[in-house]
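Numbering (the numbering used here), first residue to last: 908 to 1280.
Dropping the structure here:
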């Protein structure tokens, strides 16, 4: 018997198929799956010629998934290489990774950069003559980040709203009136989403310490004097507006910590005005509703009546950090939580943590404390 007869007929080559799941970036509008389909159809080489797929290789699309099928051997490394080349061409390589999502490594997922920490390119290249060190975070809402230009530790101006997922930046118009920096001025900002008008808004409060009139423009005998201006920026409108003096609480002045956004409302830990601007007075939680654009107050726990407090978001409610300092020795912080948002009686002392108040950055969704190292 001849060797050819012993070997029998030559076996048919086994086909292969690979799937690329583009669900996450498509839902986030980072990429268009049709453009990736077209890219692969034009770039895959068969017989050394790009785009000549014939009947041997097919690229098909089903909703947010692409399937590459071949009736002969096809390298998965080659498919990953082409996919990464597409991501780089469309400037999303820094955001997305090609990850095998099954044991056989024939299903790949385009996934946002994974891991505990992610590096994102910053939008500061759009800010001419504004160094990175001069930028601060006003707040975040639904994935949008509002950044401010910091002139002094007491004076700043919001400059942009950034969506890192789709790499879009909206530069903000300068607020009218007091927009140049001043050492004798306090400014603070809050950022959030008004779901009633479907609008992202920035609250800007400017407190001019050296102004010699009260909020109604009349001279006052107290010294030093201060006047407060409230401005609101609307993202769809793309402009600022100033609120009337009657909207602002007459006894409102500076306090401590950043404003916190919860439930359509910006919350600020502020002091009532007494005989002197620098007197701490009574500490209260002042609120500003983004829908009605009105101020109010929220009752806090008993610990709020004293100095050394700050507030933070805790899930869908508020947390208060009470710094304990006895005889100039740091004793850590008591953490109070409003168990039911808006209900003053639900304030509860949750736990004590042996870290300085300034090192507490906030809380994760699980309630775990995030500390600054």
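C-beta: ideal position from N, C-alpha, C; glycine also.
Is residue i helix, strand or coil when you go by DSSP?
i, result
"residue 1112", "strand"
"residue 1144", "coil"
"residue 1261", "coil"
"residue 1128", "For residue 1128, the predicted structure reports a pLDDT of 32, less than 50, and the residue's modelled location is therefore unreliable. The matter cannot be settled from this model."
"residue 1138", "strand"
"residue 1004", "strand"
"residue 946", "helix"
"residue 1079", "coil"
"residue 992", "helix"
"residue 985", "helix"
"residue 935", "coil"
"residue 959", "coil"
"residue 1046", "strand"
"residue 1173", "strand"
"residue 1250", "coil"
"residue 1105", "coil"
"residue 1055", "strand"
"residue 1154", "helix"
"residue 1209", "helix"
"residue 930", "helix"
"residue 941", "helix"
"residue 1186", "Residue placement at residue 1186 is poorly supported in this model, since its pLDDT is 48, which falls under 50; the coordinates still yield a value, given next. In this structure, residue 1186 counts as coil in the three-state DSSP scheme."
"residue 1093", "strand"
"residue 1241", "strand"
Among the options, which has the Cα closest to the Cα of residue i?
i, options, result
"residue 925", "977, 1245, 1249", "977"
"residue 1288", "927, 1200, 1014, 996", "Residue 1288 lies beyond the range of the chain shown here (908 to 1280); nothing can be said about it."
"residue 1147", "1079, 1243, 966", "1079"
"residue 1016", "987, 1221, 1168, 1191", "987"
"residue 1109", "946, 1150, 922", "1150"
"residue 1228", "1270, 1250, 1247", "1270"
"residue 1273", "1251, 1215, 1097, 1224", "1224"
"residue 1194", "1248, 1077, 1076, 982", "1248"
"residue 1204", "969, 1173, 1215", "1173"
"residue 954", "981, 1075, 939", "981"
"residue 1190", "1004, 1216, 1075, 968", "1216"
"residue 962", "929, 922, 1260, 1012", "922"
"residue 1259", "1166, 1226, 1253, 1250", "1226"
"residue 1143", "1106, 1165, 1154", "1106"
"residue 1261", "1230, 1246, 1245", "1230"
"residue 1202", "1177, 1220, 928", "1177"
"residue 984", "968, 969, 1012, 997", "1012"
"residue 1052", "972, 969, 1067, 1276", "1067"
"residue 1267", "1239, 1252, 1251, 1169", "1239"
"residue 1093", "1063, 1076, 1081, 1070", "1063"
"residue 1166", "1251, 1220, 964, 1081", "1220"
Should residue i be listed as close to the ligand NAP, given that the test is whether its C-beta is under 8 Å from any heavy atom?
i, result
"residue 1224", "Annotation note on the ligand NAP: not contained in the displayed structure, which lists no ligands."
I'd like the list of long-range same chain contacts for residue i, defined as Cβ closer than 8 Å, with 5 residues on each side in sequence excluded.
i, result
"residue 1073", "935, 936, 937"
"residue 989", "946, 947, 950, 951"
"residue 1222", "1270, 1272, 1274"
Enumerate in chain order the residues of its own chain whose CB-to-CB distance from residue i is below 7 Å, with the five nearest sequence positions on each side excluded.
i, result
"residue 1000", "991, 994"
"residue 1256", "1241, 1243"
"residue 1018", "931, 1003, 1004, 1006"
"residue 944", "966, 968, 973"
"residue 1276", "1260, 1267, 1270"
Using C-beta distances below 6 Å, list every residue in its chain close to residue i, excluding the 5 sequence neighbours before and after it, in chain order.
i, result
"residue 1014", "926, 1008"
"residue 1112", "1095, 1137"
"residue 948", "966"
"residue 1197", "1099, 1101, 1108, 1171"
"residue 1254", "1208, 1243, 1245"
"residue 1103", "1198"
"residue 1043", "1055, 1057"
"residue 1081", "none"
Q: Determine, using beta-carbon pairs with one atom in the segment 954 to 962 and one in the segment 1041 to 1053, whether at least three such pairs fall under 8 Å.
A: no
Q: Say whether the segment 934 to 941 touches the segment 976 to 990, bearing in mind that this needs 3 or more beta-carbon pairs closer than 8 Å, one atom from each stretch.
A: no
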